[in-house]
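First residue of the sequence shown: 11, per this note's numbering; consecutive thereafter. Virtual Cβ for every residue (Gly too), placed ideally from N, Cα, C. Note that the coordinates shown come from a computational prediction; the quantities given were computed from them, not determined experimentally. Everything below concerns the one structure shown next.
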Amino acid sequence: MSNYHTPVLLQEVIQGLQVTAGKRFIDATLGGGGHTKKILEMGAEVLAIDEDIDAIEENERLIGPHCRIVQGNFRDIETIAKNNNWTNVDGILFDLGVSSHQLDTQARGFSYRFDDAPLDMRFGDGGKRSAFDIVNKSSEEELFDIFSRFGEEEKALDIARLIISSRKKHEITTVGELRLCLSTKNIDTVARIFQALRIAVNSELESLQSGLTGGVNIVKVGGRIAVISFHSLEDRIVKRFFLNNKLNVIDKKPIIPSSVEQQENRRSRSAKLRIAEKI
C-alpha cells in the first residue's frame, strides 16, 4: 500500500475523528486506502468512495463485512450514503490530495514531470472534458479565468495568450508541449498552471462545496468531519464552510504534518487538516 500512496496526517486524522471500535465512518476519498485500512484495524466500519477505478481495484482486498467500496465522486456523498444505508455516521474524511499513484502514472497527465504524458488530468473515466480540451478549445478569456482563479497566477493573461498563439500552429497534446509553450523555467508557475487545469477539469472546488454540504447532512450530532487540503483555495472553502454552518471547530488553526513526516513524505508539506464537530 505504501508504494501506491502514503497516507498524510494518519494519526492526526484517527485522533481527530475519535476512531474506536464499532463506529461507522465514510472515507470520501479512498485513494491508496491508508486511512481506511487504519480505521478498519481499529475495529470500526467504513464506507469508502473514490472516482478512480485504479484506487478501487488497488483496495478490493479491504472489502468485507466492515468495509464497502463505491465508485463515485464525493460531491454525491449524501446520495451514496443513503443508497448504502450508511447515514448518521460518526465521522467523515475528505483527503483532497492527488495520490502518489496518480502523480506517478504517466498516462494520467497529472504531473509536469513526464513530457510525453497526454493532457488528461481526469480523476475518473467519465465524459468530462480533459485538460487537452481546455487547453485547445477554451477562449483566451476562459483560460485567463482558469489560471487566475484556480492557479492564482499573476501572469495568467500572458500565459493564456501564449497558449492561444501556440495552438494556432498545432494542437497542444502532451505535457511537454504545454510546458514548452509556457516559455518559463519557473517550476512554481508551471505547478500553478497544472493545478488550475486539474481543478477545472474535475470541478474540484464545486465538488468540495457539495461534498461538505452533503457530509453535514449525514454525520450524526457529535460526529466529526475532517478535511485535508493541499492549497489555499481548498482551505479557504473548508474554513468558511465550518464557520458558516452549525459546526464546532476543534482547532482554530489547521493541523500540519510534523517536521519528521514532511521529511519522510515530501508531498505532505502543503497539507492542512481541519476538523469540526456537528452540534
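Exposure of residue i, with buried meaning 16 or more beta-carbon neighbours within 10 Å
i: I63; result: exposed
i: R246; result: exposed
i: T46; result: buried
i: L40; result: buried
i: R85; result: buried
i: K256; result: exposed
i: D253; result: For clarity, residue 253 is Leu in the given sequence; the question names Asp instead. Classification of L253: exposed, given that the 10 Å Cβ count is below 16.
i: D60; result: buried
i: V29; result: buried
i: I197; result: exposed
Residue i versus residue j: straight-line alpha-carbon distance, rounded
i: D100; j: R234; result: 7 Å
i: F240; j: S176; result: 31 Å
i: A127; j: A141; result: 12 Å
i: I156; j: I66; result: 30 Å
i: E70; j: E152; result: 40 Å
i: R139; j: S217; result: 16 Å
i: I169; j: V231; result: 47 Å
i: F35; j: N95; result: 12 Å
DSSP state of residue i mapped onto helix, strand, coil
i: N93; result: helix
i: V270; result: helix
i: Q81; result: strand
i: G101; result: strand
i: G74; result: strand
i: A141; result: helix
i: E164; result: coil
i: D261; result: coil
i: R279; result: coil
i: M11; result: Residue placement at M11 is flagged as unreliable, the pLDDT there being 42, under the threshold of 50; a coordinate-derived value is accordingly withheld.
Residue i and residue j closer than 7 Å at C-beta
i: A58; j: I90; result: no
i: T150; j: I182; result: Checking the sequence, you will find Glu at residue 150 rather than Thr. No. Outside cutoff.
i: A281; j: V23; result: no
i: G302; j: D130; result: In the structure displayed, the chain extends from 11 to 289; residue 302 sits before or after that span and is not available.
i: L283; j: P264; result: yes
i: K288; j: V229; result: yes
i: I87; j: G224; result: yes
i: D37; j: L106; result: no
List, from N- to C-terminal side, the beta strand (DSSP E) runs of 3 residues or more that fit wholly inside the stretch 167–254.
229–239
Completely contained beta strand (DSSP E) runs for the stretch 44–75, where each covers 3 or more residues:
55–60
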